[in-house]
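Asks: Encoded as structure tokens, here's the structure I'll be asking about.
2 protein chains.
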Amino acid sequence: MSLMAATQQVKRRATNQGAAVKEALAAEDTFRSAQDVYATLRANGEKIGLSTVYRHLQIFVDDGLADVIHKPDGESTYRLCGDASTTHHHHLVCRSCGKAVEIEGPAVETWADKVAAQNGFTDVNHTVEIFGLCAACAA
Amino acid sequence: MSLMAATQQVKRRATNQGAAVKEALAAEDTFRSAQDVYATLRANGEKIGLSTVYRHLQIFVDDGLADVIHKPDGESTYRLCGDASTTHHHHLVCRSCGKAVEIEGPAVETWADKVAAQNGFTDVNHTVEIFGLCAACAA
DNA sequence: GTCATAATGGGAACGATTCCGAATAAGACG
DNA sequence: CGTCTTATTCGGAATCGTTCCCATTATGAC
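Same order as they appear, the protein sequences are chains F and V. With the working numbering, the residue at position 88 of the first sequence is 69, and numbering never jumps. With the working numbering, the residue at position 53 of the second sequence is 34, and numbering never jumps.
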């Protein structure tokens, strides 16, 4: 998996369910859990199974179409990111409503690599997430 | 909970189990899961229950004695950090053996705060973890 | 249309973590 | 040193998110 570039797509069939999951994610700029997406789709009358939601969410991640954030409680949340060509970035996430803003920090990237190298670590990657309360939720 | 300072300790009874969990963590400079600590203690002949291990691990975190890292697969791992007075820091963690090095990045802190402020976010905190392969595991 | 097979869905299986309630033991007091 | 209060313990049941399994369905190629 780590050997395959994120942009390297595999042939996939177009299904209603796959489209529905993508639409559900696209409708919000917030990180949402699989269970959440599933509930929303069912509430909308979509005919889809929980397994399928998980499957598509994972596919999006594999294809570089979506980002994942693991909440402190362990739940995984997903959000479509710009597009596959978008460069590496991080997120500023509202702790309350889940709204997320994509951010970049070139300095952080180089810092991380430097620190790792100084300690003899190789094959480095990192996670950087900033949590806070968005203006709307602060009220 | 969030209102109580990390250094504000509550009266606690001293028990063998509590000490055992702390020793087990202190014995290694790696992040270890509750299940892992539990298995080690039992293997050592300690009389302790899994619930108790989880309870003490959580207490350490609440008291600011330990740091937690949520692995990508969702499992929580714990490690004693310097001491409660140690300032905010992050970790460089070996993806293979779990060995962790405490690191600091003042620049990252200020960057995070600035970015958050620019987007109208308040009550900010962040997580920064760098994963890689330590020199020993690279071989 | 026909066919091979990718995709689906729902229920079982799983693994980490939490909960519960009765049994145990730490610490205070006399 | 006893007694008593209650924090702590422990193991098994319960929870919860996620994955697995596999018979059924439906996409896309010919």
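Every residue, glycine too, gets a C-beta built ideally from N, C-alpha and C. This structure is a prediction, so every number in the text was calculated from the model and none was measured.
#1: Looking at the strands, I want to know which residues DSSP matches up with residue 69(V).
#2: Could you tell me which residues DSSP pairs with residue 36(V) in its beta bridges?
#3: Assign residue 71(V) to buried or exposed, taking buried as 16 or more other Cβ atoms, counted over all protein chains shown, within 10 Å of its Cβ.
#4: So is residue 68(F) in contact with chain V if we call contact Cβ pairs under 9 Å?
#5: Answer with yes or no whether the minimum CB distance from residue 9(V) to chain F is below 9 Å.
#6: Assuming residue 24(F) is part of the alpha helix (DSSP H), what are its boundary residues?
#7: Can you give the Cα-Cα distance for residue 114(V) and residue 110(F), rounded to whole angstroms?
#8: Please identify, using Cβ separations under 8 Å, the residues of the stretch 73 to 101 of chain F that lie next to chain V, in order along the chain.
#9: I'd like to know if residue -5(V) contacts chain F, where contact means its C-beta is closer than 9 Å to some C-beta of that chain.
#10: At a Cβ threshold of 9 Å, is residue 104(F) touching chain V?
#11: List the residues of chain F that residue 114(V) touches, going by C-beta distances under 7 Å, in chain order.
#12: For residue 50(V) versus residue 81(V), is the C-beta spacing smaller than 9 Å?
#13: With a floor of 4 residues, list each alpha helix (DSSP H) that falls wholly inside the stretch 46 to 116 of chain V, ordered by position along the chain.
#14: From residue -8(F) to residue 89(V), what distance separates their C-alpha atoms?
#15: Which residues does DSSP list as the beta-bridge partners of residue 11(F)?
#16: Chain V beta carbons: is any one of them nearer than 9 Å to that of residue 40(F)?
#17: Could you check the C-alpha separation between residue 48(V) and residue -4(F) for me, to the nearest Å?
#18: Starting from residue 119(V), find everything on chain F with Cβ-Cβ shorter than 7 Å and list it in chain order.
#19: Compare the Cα-Cα distances from residue 73(V) to each of 96(V), 22(V), 52(V) and report the closest residue.
#20: Can a CB atom of chain F be found closer than 9 Å to the CB of residue 108(V)?
#21: Any beta-carbon of chain V closer than 9 Å to the one on residue 124(F)?
#22: Residue 27(F): which of 44(F), 83(F), 12(F), 1(F) sits nearest, CA to CA?
#23: Let's test the definition: count the other Cβ atoms within 10 Å of the Cβ of residue 119(F) and tell me whether it reaches 16, buried, or not, exposed.
#24: What did DSSP end up calling residue 3(F) once you bin it into helix, strand or coil?
#25: Got a sec? Which residues, its chain only, sit under 6 Å from residue 85(F) by beta carbon, not counting five neighbours each side?
#26: Would you verify that the beta carbon of residue 57(F) is, or is not, closer than 9 Å to some beta carbon of chain V?
#27: Work out the CA separation of residue 68(V) and residue 99(F) for me, nearest whole Å.
#28: Residues of chain V with CB closer than 8 Å to the CB of residue 51(F), please, in chain order.
#29: What's the gap between the Cα of residue 46(V) and the Cα of residue 106(V)?
Replies: With the structure as the only source:
#1: Residue 69(V) is not bridged to any residue.
#2: Note: residue 36(V) sits in no beta bridge, so no partner.
#3: buried
#4: no
#5: no
#6: 15 to 24
#7: 22 Å
#8: 73, 75, 76, 82, 84, 86, 88, 89, 92, 93, 96, 97, 100, 101
#9: no
#10: True, the Cβ-Cβ gap to chain V drops below 9 Å.
#11: 102, 103, 104
#12: yes
#13: 87 to 99
#14: Approximately 40 Å, taken between the alpha carbons.
#15: 80(F)
#16: no
#17: 44 Å
#18: 103
#19: 52(V)
#20: yes
#21: Residue 124(F) lies beyond the stretch modelled for chain F, which goes from -18 to 120, so this question has no answer here.
#22: Per the Cα distances, 1(F).
#23: exposed
#24: helix
#25: 70
#26: yes
#27: 21 Å
#28: 51, 53, 55
#29: 19 Å
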